[in-house]
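Chains as they are written, first to last, in our numbering: chain A, 136 to 446; chain B, 136 to 446; chain C, 136 to 446; chain D, 136 to 446; chain E, 136 to 446. Only one structure is covered here, and it is reproduced in the block below.
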Amino acid sequence: GYEEEKITEISNLAQKNKVTWINVVGLGSEEKIKELGTEFDLHPLVVEDVLNPAQRPKFEVYDDYILFVVKDFNYYPKNQEIKKEQLSIILGPDFIISLQEQRTNTFDFINKSLAKENSQLRHRGADYLAYRMIDTVVDNYFVVVEELGNFIFNLEEQLIEDSSSEILGELQQLKREIISFHRLVSPLRGLIYSSNFKDNQLFTDETFVYWRDVDDHLSTVLDKIQMFRDIVNGMVDTYLSNVNDNMNQVMQVLTVISTIFIPLSFLTGLYGMNFQYMPELGYQYSYPILLGVMGLIVVTMLVYFKKNNWL
Amino acid sequence: GYEEEKITEISNLAQKNKVTWINVVGLGSEEKIKELGTEFDLHPLVVEDVLNPAQRPKFEVYDDYILFVVKDFNYYPKNQEIKKEQLSIILGPDFIISLQEQRTNTFDFINKSLAKENSQLRHRGADYLAYRMIDTVVDNYFVVVEELGNFIFNLEEQLIEDSSSEILGELQQLKREIISFHRLVSPLRGLIYSSNFKDNQLFTDETFVYWRDVDDHLSTVLDKIQMFRDIVNGMVDTYLSNVNDNMNQVMQVLTVISTIFIPLSFLTGLYGMNFQYMPELGYQYSYPILLGVMGLIVVTMLVYFKKNNWL
Amino acid sequence: GYEEEKITEISNLAQKNKVTWINVVGLGSEEKIKELGTEFDLHPLVVEDVLNPAQRPKFEVYDDYILFVVKDFNYYPKNQEIKKEQLSIILGPDFIISLQEQRTNTFDFINKSLAKENSQLRHRGADYLAYRMIDTVVDNYFVVVEELGNFIFNLEEQLIEDSSSEILGELQQLKREIISFHRLVSPLRGLIYSSNFKDNQLFTDETFVYWRDVDDHLSTVLDKIQMFRDIVNGMVDTYLSNVNDNMNQVMQVLTVISTIFIPLSFLTGLYGMNFQYMPELGYQYSYPILLGVMGLIVVTMLVYFKKNNWL
Amino acid sequence: GYEEEKITEISNLAQKNKVTWINVVGLGSEEKIKELGTEFDLHPLVVEDVLNPAQRPKFEVYDDYILFVVKDFNYYPKNQEIKKEQLSIILGPDFIISLQEQRTNTFDFINKSLAKENSQLRHRGADYLAYRMIDTVVDNYFVVVEELGNFIFNLEEQLIEDSSSEILGELQQLKREIISFHRLVSPLRGLIYSSNFKDNQLFTDETFVYWRDVDDHLSTVLDKIQMFRDIVNGMVDTYLSNVNDNMNQVMQVLTVISTIFIPLSFLTGLYGMNFQYMPELGYQYSYPILLGVMGLIVVTMLVYFKKNNWL
Amino acid sequence: GYEEEKITEISNLAQKNKVTWINVVGLGSEEKIKELGTEFDLHPLVVEDVLNPAQRPKFEVYDDYILFVVKDFNYYPKNQEIKKEQLSIILGPDFIISLQEQRTNTFDFINKSLAKENSQLRHRGADYLAYRMIDTVVDNYFVVVEELGNFIFNLEEQLIEDSSSEILGELQQLKREIISFHRLVSPLRGLIYSSNFKDNQLFTDETFVYWRDVDDHLSTVLDKIQMFRDIVNGMVDTYLSNVNDNMNQVMQVLTVISTIFIPLSFLTGLYGMNFQYMPELGYQYSYPILLGVMGLIVVTMLVYFKKNNWL
């Protein structure tokens with residue numbers, strides 16, 4: 136059966152039920168955790184890993200139990216926030232210990248399932264419960280992936296409209312988040328296929344199918360992350376190319392204006408000289424003829440620019 | 136024998152023929168699929184995978200059957216369109232179940248073969264039929280590869296003619312499609328060589344030769360995709376270099392015009408000054424001499440530019 | 136013994152000699168090839184591969200024979216041309232079948248060797264003959280490598296002299312050819328070390344030494360190709376840097392001319408104004424003093440540019 | 136028991152205690168080290184490795200002992216300095232020899248532990264002591280990682296404020312340090328999983344758990360280094376993009392000023408010409424009308440620039 | 136014992152001593168080498184490899200002997216030159232054959248060792264001698280690495296001082312030399328760990344330790360080469376960035392000069408117009424006021440440029 140109770144004495148917990156699930160929230164009291172470790176005969180290194188908030192994600196096989204350390208991402212729709220929490224799970228033959236710093240909504244669905252009389256969770260072993268926990272965590276990764284996808288999508292739209300240099304900053308920031316997320320997910324992939332998992336008695340053939348499914352989901356998550364990296368790299372290229380295009384356009388305007396007016400200005404300068412002997416100055420139609428010549432120069436230039444696609 | 140019939144009761148399907156092929160079109164009714172799963176004793180995860188339209192392609196070995204999930208691309212010449220459909224195949228010792236959302240033309244040829252009395256398909260086991268299905272799907276990949284090839288070819292021709300910034304957008308889009316296609320094909324490669332396939336009794340030595348052929352075709356498809364990536368990256372480089380060349384040309388025109396006329400304008404400015412004591416102003420041949428000097432400057436400049444290949 | 140003869144009946148070919156070599160030129164008649172396949176008990180997929188002109192190169196082990204598909208490059212010095220031909224070789228215990236579309240000069244040397252009474256080829260098994268064929272094909276790859284090397288060398292010399300944008304096109308073209316050549320050679324490397332080759336009775340320990348040598352040559356070819364890729368990438372970088380340098384030089388000329396003459400022109404403009412009260416205009420030495428000031432400005436600028444290495 | 140004593144005769148050291156730890160500081164006297172090697176029956180290559188200050192980090196299994204060579208980084212908070220020292224450890228069944236050039240504070244904590252009567256270190260074998268040493272060294276890596284992280288963080292802040300070209304130099308320098316640190320850490324990773332470690336009798340199953348933990352920490356360090364590389368590469372991109380942006384801005388200012396004033400200057404030049412027959416010159420409102428036209432041109436230009444986001 | 140003698144008859148060499156070392160200098164006489172091959176029962180392919188001056192480096196196991204082909208780099212301090220020579224070594228159970236085209240100083244130290252009565256080389260098997268040869272060759276690689284390091288160091292210093300485009304050429308050349316050196320060293324790494332080496336009776340457990348040491352040195356050489364590649368790539372980036380910086384600076388000077396003087400020139404042009412009705416022209420203080428306005432414009436501009444860090 137499944138009953139929730141407040142723990143007072145750790146020592147007589149382990150024997151009580153067929154499968155005991157101890158969920159520890161709050162890792163501040165190092166003493167209590169160590170006591171728990173002693174009670175369940177856990178290796179000192181396991182306790183150390185559990186207490187280290189920057190522990191690398193891993194599945195690790197010990198003689199009598201398996202340690203799972205994963206990063207758990209919980210999305211809170213109210214304030215549109217994703218919170219990262221480290222979740223450690225220790226799976227023994229007839230017990231399961233889960234430890235985290237803050238209470239999250241990860242176990243909500245599992246608790247509901249357990250409350251039902253005829254749920255699978257109640258009739259299967261501890262390994263199935265561990266699978267359900269890890270599965271929930273991995274499913275949460277998809278929410279993060281989706282959020283990242285939305286963010287990329289928005290940034291892409293922004294990129295088309297304007298390419299101010301802040302976008303590059305956001306792209307670099309996004310890249311870093313993708314890399315960081317990748318680092319937290321990738322170490323878990325393929326672990327269950329290693330020989331010390333396959334040979335472990337805690338992994339029955341029956342449950343192995345489920346773990347394979349988890350690995351499959353991890354692969355999908357990692358595939359998506361890899362795709363995001365490629366997309367973001369493409370976006371950086373597009374940004375740099377846009378900046379270049381813009382510069383190109385600026386240069387062309389400068390060149391068109393300059394090359395049209397510089398020769399004209401020369402001509403005006405020519406007839407602004409104060410030489411006493413310049414026959415053109417006294418000729419009656421000099422001015423309109425010069426204006427005509429200038430018009431001709433302008434037209435020629437414009438035709439040339441048109442031909443070179445500068446306008 | 137091979138007969139098409141409308142299914143009413145799933146339960147008495149499995150026993151009827153030596154090899155039973157059930158083709159399910161439309162995955163909307165989750166209930167029916169689950170009922171089918173119960174009938175054929177399929178693992179709940181298999182049913183889940185089949186119902187998940189975003190399932191990653193895979194070949195997965197279970198105790199009594201093999202699950203194939205692939206993406207099926209169908210080209211419709213009428214409206215020049217490629218439609219993507221997820222196809223799941225469950226291969227058992229004496230049955231085969233294929234599931235997809237929409238009816239495609241993938242099985243047309245297989246149906247024709249089955250209709251013939253003396254076709255190989257009729258006299259071989261379920262595994263041969265599965266091979267033929269997957270083979271058809273992989274053959275369809277070649278159509279996609281060809282379409283991508285044509286698109287690249289067209290873009291290349293466009294790239295030579297003009298290099299407006301829209302082409303970069305199209306190149307990035309193309310790159311993304313290639314990456315996405317790669318993601319749907321690559322997970323399948325080499326799978327059949329893994330040990331759990333080789334040791335499976337559903338994979339007779341006789342059929343293994345055929346699966347090896349499928350893997351060979353997948354390799355060719357992936358080779359082509361890799362080549363496309365290299366080509367498209369080269370095209371992006373070419374585009375950026377064209378843009379650069381264009382800018383270079385613009386700069387050169389600006390420089391040529393400026394460096395010729397700026398010194399000339401200085402000279403006209405010089406003799407446009409209003410100093411009372413400027414001996415040159417009163418000299419009779421000043422004007423033609425200055426024009427000669429200006430002509431000399433122009434010629435010198437042009438020779439210099441010619442030597443530096445700026446013209 | 137070794138005798139050439141015109142084939143009329145395929146069926147009684149196989150029994151005639153200890154080792155039978157059938158060389159098929161021209162794959163147009165699909166019927167005949169299939170008949171040959173039936174005679175030698177070849178798998179339908181083998182016949183399919185042989186008839187597919189775009190087959191990926193591979194060595195493939197079947198129960199009673201091995202299929203080799205390679206791309207054969209023949210250099211014809213007369214018209215300085217390299218022709219690509221697909222060559223399929225089927226090696227059985229006492230027969231060898233070679234198939235190609237067009238007659239090439241690949242087998243010329245083998246034929247000469249066979250014509251000699253005491254040549255090794257006559258006294259060794261079919262596997263040695265197959266080795267000699269593949270070895271000749273791989274040796275031809277070195278010719279292609281050399282040609283590519285020459286082409287790269289020429290392009291490099293061109294690159295030093297001028298860097299017009301056509302060179303970039305040629306570099307991209309060269310890159311693509313290198314990639315394409317790599318794709319045709321790389322799938323063969325290391326194949327002979329795979330377990331199904333080592334365990335095959337057609338690969339005696341004695342011949343294995345020879346196949347290892349072929350693999351060694353393939354490695355050398357692939358090493359060279361890899362080096363070519365690195366070199367061509369370096370050339371693209373050099374080209375882009377040259378273009379940049381050129382632009383830099385253009386900009387410097389523009390800047391030098393502009394920054395010298397723009398202040399001078401301002402001064403001429405200043406004394407070209409028509410104000411009635413400008414004391415300098417009436418002063419007798421204004422003009423020579425101004426010319427001196429201008430000369431000073433020019434000298435100062437030139438010294439500054441010299442110091443900044445812009446001249 | 137654990138007692139510190141001054142060594143006079145090496146020869147009778149080995150037999151004295153159950154587990155003998157010899158800590159050699161200063162490798163100047165090659166003779167003494169060789170004598171030690173002879174005493175403990177060490178392979179000449181081991182002595183050579185120990186004496187080579189540029190030895191690559193490695194774990195190496197010999198018949199009767201294991202050689203560990205690692206780079207030990209010690210942070211001295213007083214002068215904010217990180218010193219690198221090579222530490223060699225030779226682990227035998229009942230002895231452990233540690234060798235370094237300079238005394239560091241790496242063993243301080245171990246010495247304190249040994250001094251306590253009931254510490255684990257006293258009651259476990261030599262392999263546990265070796266683990267504690269390597270573990271301390273690896274823990275020191277985290278200090279280096281943190282220092283690198285701080286340095287990167289500072290550089291990032293600097294990068295936002297100004298992007299002078301010295302920052303690029305610092306980034307390249309940082310990149311090199313990261314690469315160099317990576318080179319000293321990476322060769323150790325995964326070594327303990329190799330077969331000759333697992334089969335070694337010096338590695339009891341009990342201690343293996345500890346070594347796995349060390350490997351886990353190494354993985355974390357390498358993960359961080361990899362992340363640093365990605366970040367620094369992103370910073371170089373940001374720097375180059377900033378430089379580009381700056382150039383862009385400079386070009387825009389030039390273009391705006393030039394394109395506004397060049398046409399205006401042309402107009403002033405036009406009416407500065409000295410033709411005798413120019414009707415506008417004598418018209419009374421020519422000057423204010425011209426001023427108005429010029430104002431109109433300026434306004435039009437500004438509107439155009441605004442629309443193109445150049446202002 | 137060790138005696139040097141002039142060889143006249145190859146045939147009775149092999150039986151004479153316990154371990155026979157034949158050192159062949161000069162590979163011109165193909166006949167002699169083949170005779171040697173026949174005498175020692177070498178495979179024709181071995182003779183072919185030895186005679187091919189462009190043979191890829193390799194360690195290759197045959198039934199009764201092992202073939203080593205390496206590139207031997209000798210540094211001649213006199214003319215500061217590095218010469219590359221191919222060295223082939225054939226190691227049999229009781230003989231060792233070394234072949235090279237030119238006499239090098241690689242064996243000088245080995246010869247000296249052999250001359251000593253009580254040297255290890257005299258009392259160990261042929262495999263130890265082979266190890267010493269290969270070890271000497273690998274030690275020579277460190278000399279090349281050092282030379283490359285010095286060259287890179289010099290180039291780096293040059294890069295800081297000036298960044299003319301010749302440096303890019305030298306960098307590309309250096310890159311190519313590094314790649315080429317990498318190609319000659321890398322194929323040897325890890326070879327001794329392959330199964331056919333470990334199972335070979337010519338590789339006693341005793342000597343294996345030495346070969347592992349050689350592999351360790353190769354790893355160090357390859358590590359260094361990899362680091363050199365990273366450094367040179369960083370240098371290319373620095374060069375390109377310097378060029379960019381320079382261009383930027385040029386552009387800024389142009390912009391500063393242009394934006395200051397273009398508006399001033401406009402003003403001078405304005406008052407250089409010849410309109411009859413321009414009230415400012417007759418006003419007494421027009422000229423000093425205009426000069427004041429111009430000074431104000433210059434000051435404003437300079438302040439703006441200062442604020443934007445363009446000066």
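Don't be surprised by glycine CBs; every beta carbon is placed ideally from N, CA and C. Computed from a prediction, not measured in an experiment: that's the story for all the values here.
Run of the alpha helix (DSSP H) containing I245 of chain C, from where it starts to where it stops
As a working note, residue 245 of chain C is residue 110 in the third sequence. Here the alpha helix (DSSP H) through I245 of chain C covers D243 to A250.
Identify, in the order they occur along the chain, each residue of the same chain with its Cβ nearer than 7 Å to the Cβ of Q190 of chain E, setting aside the five sequence neighbours on each side.
The count along the fifth sequence starts at 1 and reaches residue 190 of chain E at position 55. Hits under 7 Å: D184, V204 and Q221.
Using the Cα positions of I348 of chain B and V344 of chain D, report the straight-line distance between them to the nearest angstrom.
By 1-based counting over the second sequence, the position of residue 348 of chain B is 213. By 1-based counting over the fourth sequence, the position of residue 344 of chain D is 209. The sequence given here places Asp at residue 348 of chain B; Ile does not occur at that position. Taking the straight line joining both Cα atoms gives about 45 Å.
Between the Cα of G163 of chain C and those of C:D351, C:P188 and C:L405, spot the shortest distance and give me the residue it belongs to.
Position 28 of the third sequence holds residue 163 of chain C. Among C:D351, C:P188 and C:L405, the Cα nearest to that of G163 of chain C is on C:P188.
For V434 of chain D, does the count of other Cβ atoms within 10 angstroms reach 16, so buried, or fall short, so exposed?
Locating residue 434 of chain D in the fourth sequence gives position 299, counting from the first residue. It is exposed - the Cβ of V434 of chain D has fewer than 16 other Cβ atoms within 10 Å.
Given a cut-off of 8 Å on the beta-carbon distance, is the pair I302 of chain A and Y374 of chain A in contact?
Taking the first sequence and counting its residues from 1, one reaches residue 302 of chain A at position 167. Taking the first sequence and counting its residues from 1, one reaches residue 374 of chain A at position 239. In contact: I302 of chain A and Y374 of chain A (Cβ atoms closer than 8 Å).
Excluding five sequence neighbours on each side, which residues of the same chain lie with their C-beta closer than 6 Å to the C-beta of P212 of chain C?
By 1-based counting over the third sequence, the position of residue 212 of chain C is 77. Excluding residues within five positions, none has a Cβ falling inside 6 Å.
With a cut-off of 8 Å, does the C-beta of K151 of chain C fall near any C-beta of chain E?
In the third sequence, residue 151 of chain C corresponds to position 16, counting from 1. For K151 of chain C, the predicted structure reports a pLDDT of 48, less than 50, and the residue's modelled location is therefore unreliable. The matter cannot be settled from this model.
Is the Cβ-Cβ distance between Y412 of chain D and L425 of chain D less than 8 Å?
Taking the first residue of the fourth sequence as 1, we reach residue 412 of chain D at position 277. Taking the first residue of the fourth sequence as 1, we reach residue 425 of chain D at position 290. Here Y412 of chain D is not near L425 of chain D, since their CB atoms are 8 Å or more apart.
Length of the line joining the Cα atoms of Y200 of chain D and Q237 of chain A
Locating residue 200 of chain D in the fourth sequence gives position 65, counting from the first residue. Locating residue 237 of chain A in the first sequence gives position 102, counting from the first residue. Their Cα atoms are separated by approximately 47 Å.
Under three-state DSSP, which class holds E236 of chain E?
In the fifth sequence, residue 236 of chain E corresponds to position 101, counting from 1. E236 of chain E: coil per DSSP, three-state reduction.
DSSP on L171 of chain C, reduced to helix/strand/coil?
Counted from its first residue, the third sequence places residue 171 of chain C at position 36. Here L171 of chain C sits in helix by DSSP.
If you measure between the beta carbons of T339 of chain B and D262 of chain B, is that distance less than 8 Å?
Within the second sequence, the letter at position 204 stands for residue 339 of chain B. Within the second sequence, the letter at position 127 stands for residue 262 of chain B. It is a contact, given that the beta carbons lie within the stated cut-off.
Apart from the five residues just before and just after M436 of chain A, which ones in its own chain have a Cβ nearer than 7 Å to its Cβ?
What you label residue 436 of chain A is simply residue 301 of the first sequence in a count that begins at 1. Closer than 7 Å at the Cβ level, and outside the excluded window around M436 of chain A, lie T394 and I395.
Would you please verify whether the beta carbon of M382 of chain B is less than 8 Å from any beta carbon of chain A?
Within the second sequence, numbered from 1, the residue matching residue 382 of chain B stands at position 247. It does; some Cβ of chain A falls within 8 Å.
Take N331 of chain C as the anchor and find which of C:S400, C:Y197, C:V438 and C:E305 has the nearest alpha-carbon.
The count along the third sequence starts at 1 and reaches residue 331 of chain C at position 196. Here the closest residue by C-alpha is C:Y197.
CB contact flag (M370 of chain C, E281 of chain C, <8 Å):
Position 235 of the third sequence, counted from the start, is the residue given in the question as residue 370 of chain C. Position 146 of the third sequence, counted from the start, is the residue given in the question as residue 281 of chain C. In this structure, E281 of chain C does not lie closer than 8 Å to M370 of chain C by Cβ.
Contact set between the stretch 374-399 of chain B and chain C, restricted to residues whose Cβ is under 8 Å from the partner:
Of all residues in the stretch 374-399 of chain B, only S376, N377, N379, D380, M382, N383, M386, Q387, L389, T390, S393, T394, I397 and P398 come within less than 8 Å of chain C when Cβ atoms are compared, listed by chain position.
How about K310 of chain C: is its C-beta nearer than 8 Å to some C-beta of chain B?
Within the third sequence, numbered from 1, the residue matching residue 310 of chain C stands at position 175. Taking Cβ atoms only, chain B reaches closer than 8 Å to K310 of chain C, which makes this a yes.
Select from C:N246, C:V367 and C:N214 the residue whose C-alpha is nearest the C-alpha of Q308 of chain E.
Counting from one through the fifth sequence, the residue named residue 308 of chain E turns up at place 173. Of the listed residues, the one whose Cα sits closest to Q308 of chain E is C:V367.
Could you pull out every unbroken alpha helix (DSSP H) segment of at least 4 residues lying fully inside the stretch 414-439 of chain D, listed in chain order?
414-417
At the 8 Å Cβ level, is S421 of chain E part of the contact set with chain C, yes or no?
Within the fifth sequence, the letter at position 286 stands for residue 421 of chain E. Yes, because at least one Cβ of chain C sits closer than 8 Å to the Cβ of S421 of chain E.
What does Y406 of chain E reach in chain C if we use C-beta pairs closer than 7 Å?
Within the fifth sequence, residue 406 of chain E is the residue found at index 271, counting from 1. Simply M408, N409 and F410.
Measure how close the beta-carbons of I225 of chain C and I217 of chain C come, nearest whole angstrom, since I'm counting them as under 8 Å.
As a working mapping, residue 225 of chain C is identified with position 90 in the third sequence. As a working mapping, residue 217 of chain C is identified with position 82 in the third sequence. The Cβ separation is near 26 Å, so there is no contact.
Exposed or buried, which one is H178 of chain D when buried takes at least 16 other CB atoms within 10 Å?
Here residue 178 of chain D is taken as the residue at index 43 of the fourth sequence, counted from 1. By the neighbour-count rule (16 or more Cβ atoms within 10 Å), H178 of chain D is buried.
Smallest Cα separation from T241 of chain C: which of C:N443, C:R267 and C:T155?
As a first step, residue 241 of chain C is located in the third sequence; it is residue number 106 there, counting from the start. It is C:R267.
Any chain D beta carbon closer than 8 Å to G136 of chain E
Mapped onto the fifth sequence, residue 136 of chain E falls at position 1. The predicted position of G136 of chain E is uncertain, since its pLDDT is 41 and thus under 50; a value taken from the coordinates is nonetheless stated next. Output row for G136 of chain E: interface = no.
The alpha helix (DSSP H) that contains Y263 of chain C, what's its start and end?
Working through the third sequence from its first residue, we reach residue 263 of chain C at position 128. Taken as a continuous stretch (DSSP letters only), the alpha helix (DSSP H) holding Y263 of chain C covers A261 to E296.
Give the interface partners of F203 of chain E over in chain D, defined as CB-CB distance under 9 Å, in chain order.
Position 68 of the fifth sequence holds residue 203 of chain E. Within chain D, no residue comes near F203 of chain E; the closest Cβ sits about 20 Å away, beyond 9 Å.
Give the range of the beta strand (DSSP E) segment to which D207 of chain C is assigned.
As a working note, residue 207 of chain C is residue 72 in the third sequence. Segment I201 to Y211, the beta strand (DSSP E) holding D207 of chain C.
Checking contacts by CB at 8 Å: is K333 of chain C closer than that to chain B?
Residue 333 of chain C sits at position 198 when you count from the first residue of the third sequence. At a cut-off of 8 Å between beta carbons, K333 of chain C makes no contact with chain B.
Contact with chain D by D450 of chain E, beta-carbon distance below 8 Å:
Missing from the structure shown is residue 450 of chain E; chain E here goes from 136 to 446 and no further.
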